[in-house]
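S.K.: So the sequence shown is numbered by our numbering: it starts at 4 and just counts up by one. Yeah, the Cβ is synthetic: ideal placement off N, Cα and C, and Gly gets one too. After the structure tokens below, expect a handful of questions from me.
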Amino acid sequence: MPISIQAEQRTADTRGALRQLRNNGKVPAVVYGKRIAAPASIAVDEKELMALLRSHPNAVIEMDVPGAGRQSVMVTNVQRDTLTRRVLHVDLHQIDMNEQVKTQVRIDLVGDSAGVREGGILSVNLHELEVQCLPRDIPESIAADISSLGIGDSLTVGGLKLPDGVVSVTEGDTVIATVMAPQKEVTEEEAERASDAETEDKAQRDQANLKETKEE
């Protein structure tokens with residue numbers, strides 16, 4: 004279901020004006036799209052935007068775009084401060100609700116892996132899935148059931164159950180998660196034996212090198 008966010012027209016683009024805008028709790032943004040005659044410079048409420056990015060960053064947004072009227076848009080790019088991670092700027096793109104779009108959707112791991120219960124280590128390789136569907140069909144997340152994974156098993160994109168109307172753009176053989184065998188703990192006795200073997204091997208190499216030197 005589309006989310007509504009208020010937008011206001013932004014006229015100044017100087018550093019000072021943008022800094023003042025952010026100090027007032029706003030985030031500068033630009034809206035692009037077929038129905039936007041020229042890129043629209045706007046500002047949106049920082050709290051509203053952050054709530055959206057935390058809960059459903061790929062949601063469809065209903066917005067009154069200055070000069071273009073009510074439009075459906077999606078966030079396409081987020082610029083953050085490298086130190087504070089505060090959002091500095093966002094790009095939005097106007098979409099057609101009757102045309103399919105490609106977007107990223109969060110993967111939620113569900114279930115209790117049998118392999119993990121046996122002491123295995125769960126390694127997660129993929130956190131988001133690229134999908135294609137109509138804007139109204141974009142899911143908030145996609146469940147990935149790992150309950151059947153034993154030690155050495157992997158769950159791939161092809162093993163996901165996707166909602167109706169949603170297809171994966173990510174290759175089916177892409178690994179989402181793997182249950183790895185636990186690493187063997189080395190006892191003090193084993194470590195000592197390994198150290199002694201390494202010392203003996205080094206002594207033998209040194210002796211061989213010395214012999215070669217004398218022969219020369």
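What are the boundary residues of the alpha helix (DSSP H) that G118 is part of?
M.R.: Note, G118: alpha helix (DSSP H), A117 to R120.
S.K.: Counting only runs of 3+ residues fully inside the stretch 9-61, write out the beta strand (DSSP E) ranges in chain order.
M.R.: DSSP runs (the beta strand (DSSP E)) wholly in the stretch 9-61: 10-12, 29-35 and 43-48.
S.K.: May I ask you to report which of helix, strand or coil DSSP gives D67?
M.R.: Note: D67 maps to strand in three-state DSSP.
S.K.: With 16 as the cutoff for other CB atoms within 10 Å, does A54 come out buried or exposed?
M.R.: So A54 counts as exposed.
S.K.: Which residue marks the beginning of the beta strand (DSSP E) containing I110, and which one marks its end?
M.R.: It spans V104 to V113 - the beta strand (DSSP E) in which I110 sits, taken as one unbroken run.
S.K.: Just verifying my parser: in three-state terms, what is the DSSP assignment at V169?
M.R.: Three-state result, V169: coil.
S.K.: How about the stretch 160-170 and the stretch 132-148: do they share at least three Cβ pairs that are nearer than 8 Å?
M.R.: Flag = yes, the stretch 160-170 and the stretch 132-148 touch.
S.K.: Measure the alpha-carbon distance for I124 versus M100 and round it to whole angstroms.
M.R.: Roughly 42 Å separates the two Cα atoms.
S.K.: Can you tell me the Cα-Cα spacing of I1 and N61, whole angstroms?
M.R.: Limits of the chain in this structure are 4 at one end and 219 at the other, which puts residue 1 out of reach.
S.K.: Would you report the Cα separation of Q186 and G122, rounded to the nearest angstrom?
M.R.: Cα to Cα, the separation comes out at about 10 Å.
S.K.: So, at 6 Å on beta carbons, what are the nonlocal neighbours of E51 in its own chain, with the 5 sequence-adjacent residues on each side left out?
M.R.: So the list reads I8, once near-sequence residues are dropped.
S.K.: DSSP three-state call for G155: helix, strand or coil?
M.R.: The answer is coil: DSSP assigns G155 none of H, G, I, E or B.
S.K.: Do the CB positions of I149 and G175 come within less than 8 Å of each other?
M.R.: No; because the gap between Cβ atoms is not below 8 Å, this pair is not in contact.
S.K.: Give the straight-line distance between the Cα atoms of L24 and Q135, rounded to the nearest whole angstrom.
M.R.: Their backbone Cα atoms lie some 35 Å apart in a straight line.
S.K.: Verify whether the separation of the beta carbon atoms of V76 and H96 is less than 8 Å.
M.R.: Yes; because the gap between Cβ atoms is below 8 Å, this pair is in contact.
S.K.: List the DSSP bridge partners of S73.
M.R.: Checking the displayed sequence, the identity of residue 73 turns out to be Arg instead of Ser. R73 pairs with D67.
S.K.: Can you find a heavy atom of the ligand NAP that lies under 7 Å from the Cβ of S44?
M.R.: With respect to small molecules bound, the structure shown includes none, and the ligand NAP cannot be examined in it.
S.K.: Specify the secondary structure class of D140 as computed by DSSP and reduced to three states.
M.R.: DSSP places D140 in helix when its eight states are reduced to three.
S.K.: Quick one, which of S126, E49, E133 and A71 has its alpha-carbon nearest R109's?
M.R.: Checked all of S126, E49, E133 and A71; the closest Cα to R109 is E133.
S.K.: Here's a check: name, in chain order, each residue in its chain whose Cβ is nearer than 6 Å to the Cβ of S151, leaving out the five neighbours to either side.
M.R.: Nothing meets the Cβ criterion.
S.K.: May I ask you to list the residues that DSSP assigns as paired with S150?
M.R.: Note: S150 sits in no beta bridge, so no partner.
S.K.: How would you call L86, buried or exposed, if buried means at least 16 neighbouring beta carbons within 10 angstroms?
M.R.: Exposed.
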